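These protein sequences, in sequence, are chains L and D.
Oh and the first sequence: position 526 is 841 in my numbering, straight run, nothing missing.
Oh and the second sequence: position 30 is 44 in my numbering, straight run, nothing missing.
We treat Cβ as the ideally placed atom computed from N, Cα and C, and that holds for glycine.
What you are looking at is a predicted structure, and each value in this text was computed from that prediction instead of being measured.
Contents: one structure, followed by commentary.
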Amino acid sequence: MRLLAVLCALSAPAQLIDPVFANPADWLSHDRDNTGQRYSPLRQIDTANVKRLAAAWAFQTPRLPARSETTPLVRAGIMYVTVGGEEAHALDARTGRVIWSFQYPAETPAGPPPPTRGLRRTNWNRGFALSGNRLFMATSDCSLIALDARNGSLLWRVQLADPGLSYGTTAAPLVVKNLVLLGVRGGDTGTVRGFLDAYDVETGKRAWRFDTVPGPGERGHETWPSQNGSWKAGGGATWTTGTYDPALGLIYWTTGNPGPDDYDGSNRAGDNLYSCSVIALEASTAKLQWHYQFTPHDVNDWDANEVPMLVDSKWQGIPRKLLLHANRNAFFYVLDRTNGEFLLGEPFAQQTWARRILPNGRPDRLPGTTPTTKGNYVCPDVHGGTNWQSPSWNPVTGLFYLVARDACGYFYPTGFSNDHEKIEPKQSVKAIDIRTGKVRWEYPFLGNQELVAHAGTLSTAGGLVFVAGRDGQLIALDGRDGKYLWNFNTGGTIRASPMSYSVDGRQYIAICTKTAVFAFALPAFDR
Amino acid sequence: MRARVWAGVFFCALLAAQGRRGANPLAADREPIASGATTYAARCAGCHGRDGKGGEAPSLHKSRIVMLSPDQRFFDVLKEGVPGVGMPPLTGPDAAIWEVVAYVQSIAKAGMGLPVPGDPHAGRAVFQEAGCLRCHIVEGRGGVLGPDLTGIALQSSSAAIRESIADPAARVSPGYRAVTVALADGRSVEGILKNEDNFSIQLIGMDGEPHAFSRAEVTAVKSRPSLMPLGLASRLSPEQFQNLLAFLDRQRAATARSEIGFQNY
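Set out below in structure tokens:
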């Protein structure tokens, strides 16, 4: 019996990370694995030797994309990288040399030709998902495509929704067993009702669709006005990548702001479920198991499309299955991911909208903080205390690393304007102690911080946190105390999060800038 | 024959209608510009920047729609939004949308207005006597601490030029903030901050030369008041001030001005 208990305890961590992600050398999903921890088990590059980290290669993208927000995947020494929603490449991960390139739209033997392009393109993209020899990518015309990983040929294509109604796809898909999951963007346009789709990895046939705004007769529909039909354009977009717990059989996905009218909620009285929430769905059936709404009846465009990170850790002395989430509303949350129970909610960035999060999990919203025609001054600003860029976790330090923004702005029923004068915006890397929700250390970005940082973090078993500044600096910090250790100026805007992989026993750190992929490693003689 | 005449009349009427349709009915009127500014601040500035020079959304100063298209096309884009790129329609009465058209053109479409009244030749003398040449280049000579004014009337609206002189501290262009950099060896360097991040800092010193320091060499970066002379407008007579504005309004040489500093976009 005792032996069984010990075995259970030993096998517990292995249960959380799906065995398909077991090879430490590979990076097979947007945030490396199914947990969203963005923690690389590689330790060749560490706090002692990172000072000698040097550029190994660079890959310049042939065309200039609108925005590159992508994280490359690496398997068995081959890197797969998307560039915007219409271009992708397979590279030799040791040298950056091209193996194949893919241009969309392509010849489509497996489906109808893509629809009209033009202004309806959403040509920014966050990367591939991978299953066997299939790569999955969201495209600029609101489609999901599958490519053959060996030669980049198009296997199938499905269109999720009409881009003419402002639907778009920009996220890296997530593979869960035989399904590939992808959500949609467009929640700011007042025409979109969000959903999450699952498709068969082999055939592209849709397995299920979960509408994030419940229709008549469904649970949650009562949080919308019964008369005006506003739920039909209720937003709740699903434009980032979720996470998956194989032991519980649950997927976790976050949703964006409600609509119509982001900043004027008068047409949509009520909590507006399941906007600004995390939803837990049964992976095979899409049955909703629980939900938690971070910002009920949002009027500040504080999308909850930040990573729902899964961590197994002791909580007040007892091992617990946790979900960690730093929200655009400037609060850091700890939930029990088996049932959605609220455990902790603490601000990690400047905020003036809530007294606190009540023990029942609802925010205690301060009066007079909703948008006004003269402009109501509220912190955080519309970009939030953080945003979609990936946070990361280190099980040794017990710290959650994120790029945070301390800034305020004016909110009107018709829109917002950021403040740059009354309080100068600050942006920084912050490390949150998950037991208390308090910021343990902070590494501020210096220089002008008006423009929003959208580069995330990478945590490694070498004790490092890699992070990029919007201005193009890739920076290594000590995960324990945030001490600066190394940097490299890539010379181009970075709106992506770093990743790590290993080939032939050599560890690399990679980052995508607006126009290039850079890979770094220790000099050969150092290893 | 009669049919051809009627066809010609119809064609002319169509052209006239198009001419009317293409132009902003509120153009060059001061009131709508002020009112358009309020709407712009609330609905547009969040993405396009308070000065229209871009943020999450593109700079309006480089927008083909703002700079090159007929007014009506710009109006239509505002009214309908741009599906798929996150630009929502600007809801509200047409008059309010035309106000925004007028305002955005007034800030972004420089050099399009009527010539600023005044005597530009007398204004040149004011420019020289006030010492502007110490920091600004016009007509091929001058200093490098401030923006090159060679083509200023094609780059800034006359309202913005007026404000820059009357209240220079109100809005300092990125790349022209005056600073004092204190160094670890006890020296200090004064100048214009061109760029900075966590690792290095670049400025043009008061000597007109570029200086670059690593953060390790720097103990403090302190902001200084604008190097523009404060209260210049009040020291000039209204006539001198107007002449100075007229002189600057004639600086329309189409030479490229370098965009310095702040690769932070």
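Minimum C-alpha distance to residue i - residue among the options
| i | options | result |
| --- | --- | --- |
| W546/L | Y559/L, N587/L, A513/L | N587/L |
| T828/L | A770/L, Y799/L, V626/L, Q704/L | A770/L |
| G797/L | F510/L, L789/L, R412/L, P759/L | P759/L |
| E517/L | Y648/L, V711/L, V473/L | V473/L |
| L639/L | Y607/L, T410/L, S599/L, G820/L | Y607/L |
| T504/L | E533/L, D577/L, V490/L, D456/L | D577/L |
| G165/D | G157/D, A174/D, E153/D, V158/D | E153/D |
| V593/L | V622/L, T600/L, S581/L | V622/L |
| A285/L | A487/L, G411/L, E656/L, A403/L | Because chain L here runs from 316 to 842, residue 285/L falls outside it and cannot be looked at. |
| P531/L | G519/L, G544/L, K520/L | G544/L |
| R524/L | T553/L, P540/L, S541/L | T553/L |
| A198/D | S248/D, V232/D, F88/D, G68/D | V232/D |
| P102/D | L445/L, S481/L, F609/L, Q822/L | S481/L |
| A641/L | L659/L, W630/L, K629/L | L659/L |
| S727/L | D579/L, P540/L, Q666/L | Looking at the sequence itself, residue 727/L is Tyr, so the reference to Ser does not match. Minimum Cα distance to Y727/L is reached at D579/L. |
| L274/L | L625/L, R795/L, P420/L, R821/L | Nothing about residue 274/L can be reported from this structure: the residues present for chain L run from 316 to 842 only. |
| A196/D | K67/D, E177/D, S171/D, G205/D | G205/D |
| K520/L | V495/L, D477/L, N654/L, Q542/L | V495/L |
| G95/D | Q256/D, A116/D, A71/D | A71/D |
| I393/L | A783/L, T410/L, R378/L, E401/L | T410/L |
| T385/L | P838/L, A839/L, A831/L | A831/L |
Rounded separation between residue i and residue j - CA only
| i | j | result |
| --- | --- | --- |
| F374/L | N38/D | 47 angstroms |
| V780/L | T527/L | 34 angstroms |
| A746/L | F715/L | 5 angstroms |
| D748/L | V754/L | 6 angstroms |
| G145/D | I151/D | 12 angstroms |
| W415/L | S468/L | 9 angstroms |
| A522/L | A598/L | 10 angstroms |
| W703/L | V490/L | 19 angstroms |
| Q764/L | C723/L | 13 angstroms |
| Q788/L | R500/L | 29 angstroms |
| M814/L | R353/L | 8 angstroms |
| L565/L | T350/L | 11 angstroms |
| R249/D | S743/L | 44 angstroms |
| W708/L | P682/L | 35 angstroms |
| G433/L | G106/D | Its pLDDT being 41, under 50, G433/L is placed unreliably by the model, and the measurement read from it follows with that caveat. Answer to the nearest angstrom: the Cα atoms are 26 angstroms apart. |
| L259/D | M220/D | 26 angstroms |
| I809/L | R785/L | 5 angstroms |
| G509/L | T569/L | 11 angstroms |
| D456/L | Y823/L | 33 angstroms |
| A408/L | R238/D | 49 angstroms |
| R449/L | K492/L | 13 angstroms |
| N582/L | Q542/L | 10 angstroms |
| A444/L | S383/L | 16 angstroms |
Where the beta strand (DSSP E) through residue i begins and ends
| i | result |
| --- | --- |
| G660/L | 656-662 |
| I809/L | Counting along the chain, I809/L falls outside any beta strand (DSSP E), and DSSP gives it neither H nor E. |
| N691/L | 691-693 |
| N283/D | Residue 283/D is absent from the model: chain D starts at 15 and stops at 279. |
| I824/L | 821-827 |
| S599/L | Neither: S599/L is in no beta strand (DSSP E) and is coded neither H nor E. |
Any non-hydrogen atom of the ligand FMN within 8 angstroms of residue i CB
| i | result |
| --- | --- |
| K629/L | Among the components of this structure there are no ligands whatsoever, and the ligand FMN is therefore not found. |
Bounding residues of the alpha helix (DSSP H) (the contiguous stretch that carries residue i)
| i | result |
| --- | --- |
| M814/L | Taken as a continuous stretch (DSSP letters only), M814/L belongs to no alpha helix (DSSP H), being part of the beta strand (DSSP E) at 814-818. |
| M220/D | Note, M220/D: premise wrong, no alpha helix (DSSP H); not H, not E. |
| R78/D | 78-81 |
| G137/D | 134-143 |
| W112/D | 108-122 |
| E384/L | Looking at the DSSP string, E384/L is not in any alpha helix (DSSP H), and its letter there is neither H nor E. |
| L168/D | 166-169 |
| I633/L | Segment 633-641 is the beta strand (DSSP E) holding I633/L; no alpha helix (DSSP H) there. |
Under 9 angstroms (Cβ pairs) to chain D, residues found in the segment 689-704 of chain L: Within the segment 689-704 of chain L, contact with chain D at the beta-carbon level (separation under 9 angstroms) is assigned to G690, D696, V697, H698.
Please identify, using Cβ separations under 7 angstroms, the residues of the segment 209-243 of chain D that lie next to chain C, in order along the chain. Chain labels in this structure do not include chain C; the protein chains are L and D.
Only counting runs of 4 or more residues, tell me where the alpha helix (DSSP H) segments fall wholly within the segment 704-779 of chain L, in order along the chain. none
What are the uninterrupted segments assigned as beta strand (DSSP E) that are 3 or more residues long and contained completely in the segment 410-484 of chain L, given in chain order? 413-418, 444-446, 449-453, 458-463, 469-474
Interface positions of the segment 169-202 of chain D facing chain L (Cβ-Cβ less than 8 angstroms), listed along the chain: P188
Listed from N- to C-terminal order along the chain, which residues in the segment 500-529 of chain L have their beta-carbon within a distance smaller than 9 angstroms of any beta-carbon of chain D? R500, G501, D503, T504, G505, T506
Using a beta-carbon distance cut-off of less than 8 angstroms, what residues from the segment 777-797 of chain L approach chain D? Those residues of the segment 777-797 of chain L that come within reach of chain D (Cβ to Cβ, closer than 8 angstroms) are G784, R785, D786, G787, Q788, I790.
Contained alpha helix (DSSP H) runs [length at least 4] in the segment 50-93 of chain D, N- to C-terminal order: 59-62, 78-81
Within 8 angstroms of chain D by C-beta, residues of the segment 730-745 of chain L in sequence order: G730, F731, S732, N733, H735
Of all the residues that make up the segment 62-75 of chain D, which are near chain L by a beta-carbon distance shorter than 8 angstroms? R64, G69, E70
Give me the subset of the segment 751-764 of chain L whose CB atoms are less than 9 angstroms from a CB atom of chain D, sorted by chain position. Those residues of the segment 751-764 of chain L that come within reach of chain D (Cβ to Cβ, closer than 9 angstroms) are Y758, P759, F760, L761, G762, N763, Q764.
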